[in-house]
Structure formats: C-alpha cells, structure tokens
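Residue numbers (the numbering used here): 12 to 254.
For every residue, glycine included, the Cβ atom is placed at its ideal position computed from N, Cα and C.
Since the model is a prediction, treat every value here as computed from it, not as a measurement.
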Ligand SMILES: [Mg+2]
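See the structure below:
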C-alpha cells in the first residue's frame, strides 16, 4: 500500500512568515495610538519591553503600570496592535514552496492566531490557499482536533492523505500525529529551539525551513505507507533531519 498525499496544510505564524514582523508593526501602531492619546512617545519603551525584555504577553499592562497610564488604553493598545495594516512579508522560502506545491496538492492554513485572514491579506497570500481555518473565529484552537477535522472535511481528504507543516512543537503536531497525518516541523521563528513536550508532539520530519518541504512531501507521497520513517532529500536543498 502506498500513501497518496493529496493535501498540504500549514500553520501561519512563524511558519509562513516571521511573527516578529507582525509584532513590530503592532507595537508601532500601539505606540502611535499612545502618542495621539497622551502626547508621549512610548515606542522605545515598548520595543524594550517586548523585544529586549521578552515580555510578549501582557506587554501593555506592564507599560501602563510603569507609566501610570489609564487601564482603558491597554485595551486600545491591544486592538491597535492587532489591527495594524502595514504589509507583511513571507519568508523567502514560502512563495517558492507554494509555487511547487499548489499545482499538485490542495493547500490550506490552520491557525490559532487572531486575525489570520487579515495576516494572509497583508502577506499577499490570501488567494494562495484552498481553505483557511482560523481557530478563534469558532472559539477553537489547535488544542483540539476539531480545527484539523474542519480542514479535512472541507478539502475532502483523509488524515493519511494530508501533510501538516508547523513551527511550534507545543501545539502543532499532537493532533495531526494522533489523526495520522504526516507532520513536518520547520525550525523558523520563536520556537525554533523548543523541545516537544511529549513523544506525541514530535513531528515525522524536521527541517530548517520551508525550502525542504516540497521534497519531503513528494517523498512522503511516494514511499510505502507503512514504512514512513525516512526521506532522501534533494542534496541541493536544505537537509531535513528525520525523526
Ligand atoms: Mg506558528
């Protein structure tokens, strides 16, 4: 029996583009809002907190507390952070990988990120995918298999026919692995060095970037279904390390 890969689905943040770019735009938008509201510049302080200090959650709460800003501005900053309209740029490998994959495979995006569709629009990728599942639109996340089931159902493919590509071993591979998808980790973004929390979170394949993904998908599509354990990558591309 051979596998027949028919679909390739991707995570969004740090898989198709660097999230830090989104954060940088969002912080600037929030700082602009604060400047308009207070007459003070908080651009540098926000950058220091988020980028240098690594305070990526509750950033505006910390800023407000340190500077005695009213609470209402925290919610406004969060809103400004997520509604910046600055263009985003995909990783260099993203468009090339999609060019190689989309003629052959149904392609989708499954993201837990707020405003996933807006991010795709800002990236110029909104028409690159057959279907997009944005978990927060349904009050769902990759903590549950339902977001993956939604994608499989719309694309009319089985888990065995589907590859899932993500960057974050904490959330990206558990349910795809359980369902029987082929999973590929790209070592890009904030979680490039993160360890999988458990064995079920380990991807089938592990590679430096999306450059290697079309080769892995082609190999996974052609090898025996019951012996998916290794892949011979194109030596001219980045060398994927296989679990
Ligand atoms: Mg991600």
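Asked: Could you check the C-alpha separation between residue 219 and residue 197 for me, to the nearest Å?; Found: 5 Å
Asked: Considering residue 142, what are the terminal residues of the beta strand (DSSP E) in which it resides?; Found: 142–145
Asked: What residue range does the alpha helix (DSSP H) around residue 47 cover?; Found: 30–49
Asked: Do you know offhand how far residue 106's Cα is from residue 78's?; Found: 43 Å
Asked: Report all residues from its chain with a CB closer than 6 Å to the CB of residue 202; omit the five preceding and five following residues, and keep chain order.; Found: 178, 179
Asked: What are the uninterrupted segments assigned as alpha helix (DSSP H) that are 4 or more residues long and contained completely in the segment 71–135, given in chain order?; Found: 83–94, 103–112, 127–134
Asked: Report yes or no: do the segment 35–55 and the segment 77–91 share at least 3 C-beta pairs separated by less than 8 Å?; Found: yes
Asked: Determine the contact status of residue 141 and residue 117, defining contact as a CB-CB distance below 8 Å.; Found: yes
Asked: Evaluate the contact criterion for the segment 110–127 versus the segment 53–62: three or more CB pairs, one atom per stretch, below 8 Å.; Found: no
Asked: State the start and end residues of the unbroken beta strand (DSSP E) segment that holds residue 193.; Found: 193–197
Asked: Figure out for me which residue from 227, 223, 119 has the closest Cα to the Cα of residue 103.; Found: 223
Asked: Counting only the same chain and skipping the five closest in sequence on each side, list residues whose C-beta sits under 6 Å from that of residue 85.; Found: 71, 72, 75
Asked: Can we count residue 177 as close to ligand 2, meaning its CB is less than 7 Å from some heavy atom?; Found: Although ligand 2 was asked about, the structure shown includes only ligand 1 as ligands.
Asked: Would you call the segment 120–131 and the segment 142–161 in contact, with 3 or more CB pairs under 8 Å?; Found: yes
Asked: How is the beta strand (DSSP E) around residue 205 delimited, first residue to last?; Found: Here residue 205 belongs to no beta strand (DSSP E), and DSSP marks it neither H nor E.
Asked: Between which residues of its own chain and residue 68 is the CB-CB distance below 8 Å, once the five residues before and five after are set aside?; Found: none
Asked: Once you ignore the five residues that flank residue 245 on each side, which residues in its own chain have a CB closer than 6 Å to its CB?; Found: Bear in mind that a pLDDT of 41 at residue 245, under 50, signals an unreliable position, so the number given afterwards is only what the model happens to contain. Same-chain partners within the cutoff: 226.
Asked: Comparing the CB of residue 70 with every heavy atom of ligand 1, is any distance shorter than 7 Å?; Found: no
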